[in-house]
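Counting in my numbering, the sequence shown runs without a single skipped number right up to 786 at its last residue.
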Amino acid sequence: MADKAITVDVPEDRVPEFYLWFAAFLASEPGAPVPGGRPGPGRGGPFGPGGGEPGHRRRRGWVPPVEDAAPWTADDTAEAAWLYGKLAPPARALFDALLAAPGTRIAGNDLAARLGLEKGAHGVAGILAWPGRYCRKLGRVMPVSTAGRDDGGTDYYMEPEVAAVFAAAVSAR
């Protein structure tokens with residue numbers, strides 16, 4: 614089936630959150646409910662207050678889950694190599710930047726500048742749509758984590774344990 618272009622207005626401060634929700638929508642099976650239901654903090658359900666994946670630290674924002682997804686482990690090097698190999702150049706550059714600084718939160722605007730993205734921080738969030746679909750296919754959580762910032766932006770990071778899996782996968786390529 615062909616794709617259909619749809620334009621929607623999204624409040625400026627919620628665009629990264631929308632992209633993350635849209636990634637979960639694309640990763641879900643056709644006709645299935647989108648994991649987490651409606652996006653956004655304070656919405657209740659498994660991804661509202663007190664919800665989310667264990668170890669995902671956030672003050673505000675939303676982490677797109679993959680229902681029944683497994684965390685990345687040291688045994689997942691082959692899966693990580695497959696995922697990394699499927700990444701488009703901008704997504705690969707994003708992963709590489711996060712792999713270079715495991716556990717370090719990097720502001721979306723800073724990442725966008727490093728990656729030369731015209732859409733700024735919104736472009737960073739958009740890059741994660743296809744990796745989200747690939748993670749769904751693998752049954753794994755998204756390796757990139759997010760956290761809200763005091764200025765309303767979003768930080769991106771990769772937990773050190775997850776970064777180690779991907780670093781091993783990249784070096785084995």
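Built from N, CA and C at the ideal position, the CB exists for glycine as well.
Under a Cβ-count criterion, where at least 16 other Cβ atoms within 10 Å of its own Cβ denotes burial, should residue i be classed as buried or exposed?
i: Ile619; result: exposed
i: Ala734; result: buried
i: Pro629; result: buried
i: Ala683; result: exposed
i: Glu625; result: exposed
i: Gly752; result: exposed
i: Ala785; result: exposed
Kindly list the residues whose CB is nearer than 7 Å to the CB of residue i, restricted to its own chain and excluding five residues on each side of it in sequence; keep chain order.
i: Leu724; result: Leu707, Ala710, Val737, Tyr769
i: Ile740; result: Pro703, Ala704, Leu707
i: Val623; result: Phe631
i: Gly765; result: Asp626
i: Ala782; result: Thr690, Ala693, Ala694, Tyr697
With a CB to CB cut of under 6 Å and the five nearest residues on each side skipped, what residues in its chain are close to residue i?
i: Ala776; result: Leu712, Pro715
i: Leu696; result: Tyr747
Which of the three DSSP states, helix, strand or coil, is assigned to residue i?
i: Ile619; result: coil
i: Ala725; result: helix
i: Ala704; result: helix
i: Asp709; result: helix
i: Gly698; result: helix
i: Gly739; result: helix
i: Ala683; result: strand
i: Gly766; result: coil
Quick check on this structure: which residue in the options has the alpha carbon closest to the alpha carbon of residue i?
i: Thr690; options: Asp681, Ile719, Pro756; result: Pro756
i: Phe779; options: Arg627, Ala693, Tyr632, Val623; result: Ala693
i: Arg627; options: Asp616, Thr686, Arg762, Trp695; result: Arg762
i: Val754; options: Leu696, Trp685, Gly721; result: Trp685
i: Asp681; options: Lys617, Ser758, Arg749; result: Arg749
i: Ser758; options: Val621, Gly698, Gly721; result: Gly721
Going by beta carbon distance, what residues of the same chain come within less than 8 Å of residue i, once the five residues before and after it are set aside?
i: Arg718; result: Ala760, Asp768, Tyr769, Tyr770
* **Segment contact, 8 Å Cβ cut-off, at least three pairs: the region 690-703 with the region 728-743** => Segments in contact, yes.
* Asked: Pairing CB atoms from the region 738-751 with CB atoms from the region 628-639, are three or more of them under 8 Å?
  -> The region 738-751 vs the region 628-639: in contact.
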